[in-house]
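In what follows, a structure is listed as structure tokens, so that the remarks can point back to it.
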Amino acid sequence: MVDRNGWERGRSVPTGSPREPPEAFVEQANVTDEGIYEAFDEEWPNCWERAADLLSWDRSYGTVLEDDEPPHYRWFTGGRLNAAYNCIDRHLEAGRKTHAAIRWEGKQGERETYTYRDLYVAVNEFAAALRDLGVGEDDVVTLYLPMIPELPIAMLACARIGAPHSVVFAGLSADALATRMDAADSEYLVTCDGYYRRGDAFNQKSKVDNARLALEHDVETVVVDRLGDELPHVLGDDEWDYHDLREEFAGEEVEPVSRDAEDMLFLMYTSGTTGEPKGVVHTTGGYLAHVAWTSNAVLDVEAEDTYWCAADIGWITGHSYIVYGPLALGTTTVMYEGTPDYPDRDRLWEIVDRNAVDVFYTAPTAVRAFMKWGEEYPERHDLSSLRLLGSVGEPINPRAWEWYYEHIGDERCPIVDTWWQTETGAIMVSTLPGVDGMKPGVAGPGLPGIDVQVVDDDGDPVAPGQTGYLTVDRPWPGMARTLYDGDDRFRSEYWEQFSDPDGDDWTYFSGDAASIDEDGYVTVLGRVDDVINVSGRRLSTMEIEGAVTDADGVAEAAVVGRSSETAGTEIYAYVSTENDCDPDEDVRRAIEDAVESTIGEIAVPAEIVFTPELPKTRSGKILRRLLEDVANGEELGDTSALRNPEIVGEIQSESGAVD
Ligand code: WT7
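Next up, the structure:
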């Protein structure tokens, strides 16, 4: 099944009793009832009505959960609603039109505030424009935009007319964009001329032009002019200027399309265990209910808050916790275009200070960077508005946790370490900050109603303290319904490993290893499949290997993750070159270029190790496990079964020492 067992590498399971949440926080928390876990269990699945109650339904649902076709569960069936209506219109009706919906902080210091009324106007006008371009209900619209307000506007405009969006992270390559548009049969694209990257104007439109050349079908393309004169561009056939369209449809209103709870809200491509990205399908009712409920119960968001999730909307974190969750609750969501160290390393704290941010949610990789830079940067600012801190995307090591708690949260703010995935749609494992004690480095228990189990190879729960596979036993509202590529792949990727279909027993497998302690708290140890998580971004080793071997001169490649407590995971590529090719700087650069152009800069290896041969079994299979051990400085087991054991010592000396 899963042929890896090196999960504990670079990670140890923290122990100790929970630290109580600060009292001042508990006094005001949204959820403080310790009985909530039991109540959810007793009422399950109807407990999830509490989440559905946070939404406004055009027609109320008949059944909470229909489970007659596992693993394709259906939630809130018969119900109808519109996500954009829930994120905008109903807040206007509640008299909150001047309340800030989005506070945008641009890379160069620009600032824009969209009130709920402003957002309503923008979304309606753009929805009208999309319709005019031909977008109909259920047509997939691809959004390839950086962190500018037009991205959530376009998402909500799609939601308003019932067109699923498929957001492709702006940093991905032209190839990656074309592959995703092709897989989704997407004939509509919203993008921009360019954006600032490390202070320079970066041309996004030229990537789009390349992607369009690779596509067989026509694509109606809307271009947002982000850079003005700094990057002049010419509109070609089937290309439209976003601002012109807004003007053309100024003042138009579009009736929100009433969608079935089970209609698709969006598609999100993510890396899987093969080279092909997976199109994860999320629906309207269950997803929105789950993100709204967790924004309220875990992130403690209230309508009057200023809330900031410092992630990119190009990944699921931003979909759920920059856009849909916070806007469904009518709060103010901060959106930041830049990086944490530009113009200086106090940029994020300056934004927290000036906006009086109440809740701040980020990834451990960022916390590790803050820690490295030192406490002098947060100390320059008043962070006393903060009430709660969150962590997401990868395990947070206890030292980084403590630093975050002390230097950002001033020991006043609880930290929620939230485990979830693109496929789960919303948070699954976390402490409830007003109820549960915290353990640094340990995510927490499964949320109320979420049946998380850590199991062994046979699917039996492991004893406390043992490691196993992180699985989920009962369905949940935000879960992916299927993969766009087909139901078969959905079953084989997530459900085959631990389910017993004949016994009608269905278990979701996350792809993560974990351990669970006496208190039911889960420590997530990392992926056990061919997915690596680099700075909270999910990449497929096979996809990277494919790109590396495309480079001129490369014969074979194996890509592994190298993990350490301080740096998280980095990409190591072991490469052998063709006979007549010297492994020199040119090959190195060709490899970097190949990865950047097929996937994107985020997948470029931190280290490329050249070796005359890769270690192989007698049957010729590359032994990645062994390379992973080498990269991580682990003790190597018996290598005598290798066809070429002599190569291992050579690779070890090339790989260098591990911290
Ligand atoms: C993978 C999912 C969840 C949104 C961002 C990533 C890892 C996520 C945690 C956490 C340890 C975590 C897992 C998971 N992960 N949160 N709190 N502690 N690991 O979404 O790109 O679908 O990646 O991120 O390995 O499987 P994604």
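Residue numbering for the sequence shown follows the UniProt record's numbering, beginning at 1 and increasing consecutively. For each residue, glycine too, the CB sits at the ideal point set by N, CA and C.
Same chain, Cβ closer than 6 Å to residue i, neighbours up to 5 away in sequence not counted
| i | result |
| --- | --- |
| T294 | A426, I427 |
| L119 | I88, A101 |
| V245 | According to the sequence as given, residue 245 is Leu; it is not Val. Cβ within range, chain order: A129. |
| L626 | P615 |
Residue i Cβ short of 8 Å to the ligand WT7 heavy atom set
| i | result |
| --- | --- |
| E423 | yes |
| F316 | Position check: residue 316 holds Ile in this sequence, whereas Phe was assumed. Yes. |
| D512 | yes |
| E650 | no |
| W420 | yes |
| V222 | no |
| P22 | no |
| N533 | yes |
| A443 | yes |
| P440 | no |
| G526 | yes |
| T467 | no |
| E394 | yes |
| D312 | no |
| T98 | no |
| D517 | no |
| D530 | no |
| R489 | no |
| R246 | no |
| V429 | yes |
| G434 | no |
| R537 | yes |
| D417 | yes |
| T270 | yes |
| S391 | yes |
CA nearest to the CA of residue i, picked from the options
| i | options | result |
| --- | --- | --- |
| A557 | E565, S563, V548, E578 | V548 |
| V452 | L231, Y521, H165 | Y521 |
| G228 | S655, W401, F249, F202 | F202 |
| residue 666 | G162, V219, F370, D138 | Since the first residue of the chain shown is 1 and the last is 659, residue 666 is not available in this structure. |
| W495 | F509, H381, D487 | F509 |
| R481 | D67, E20, D53, Y73 | Y73 |
| F40 | S206, V630, G449, V575 | G449 |
| R103 | P475, T63, T306 | T306 |
| P18 | D200, E239, P440 | P440 |
| R643 | G620, E634, G649 | G620 |
CA-to-CA distance, residue j to residue i, given in whole angstroms
| i | j | result |
| --- | --- | --- |
| E543 | E276 | 7 Å |
| M438 | G568 | 22 Å |
| F490 | P583 | 40 Å |
| G122 | D132 | In the sequence as displayed, the identity of residue 122 is Ala instead of Gly. Answer to the nearest angstrom: the Cα atoms are 15 Å apart. |
| D485 | F266 | 14 Å |
| D487 | S271 | 17 Å |
| L189 | M147 | 16 Å |
| G16 | R588 | 46 Å |
| R624 | T113 | 49 Å |
| V280 | M479 | 10 Å |
| D346 | E38 | 43 Å |
| A310 | Y361 | 6 Å |
| I316 | T639 | 41 Å |
| V222 | S166 | 15 Å |
| S391 | A363 | 5 Å |
Burial state of residue i (16 or more Cβ within 10 Å)
| i | result |
| --- | --- |
| Q421 | buried |
| A214 | exposed |
| D659 | With a pLDDT of 42 at D659, under the threshold of 50, the modelled position of this residue cannot be trusted; read the value that follows with caution. Burial call: exposed. |
| E493 | buried |
| H282 | buried |
| P343 | exposed |
| G134 | exposed |
| V234 | exposed |
| E253 | exposed |
| Q497 | buried |
| E654 | exposed |
| L386 | buried |
| R111 | exposed |
| S186 | buried |
Check: residue i C-beta below 8 Å from any heavy atom of the ligand MG
| i | result |
| --- | --- |
| S564 | The ligand MG is not part of this structure, which contains only the ligand WT7. |
Sequence-distant residues of its chain with Cβ nearer than 8 Å to residue i (five each side left out)
| i | result |
| --- | --- |
| S258 | D58, R59, R80, L81, N82 |
| T115 | K97, T98, H99, A100, A101 |
| S56 | L81, Y85, N86, R90 |
| L92 | Y116, R117, Y120 |
Proximity test, Cβ basis, 9 Å: residue i and chain B
| i | result |
| --- | --- |
| I351 | The structure shown contains no chain B, having only a single protein chain. |
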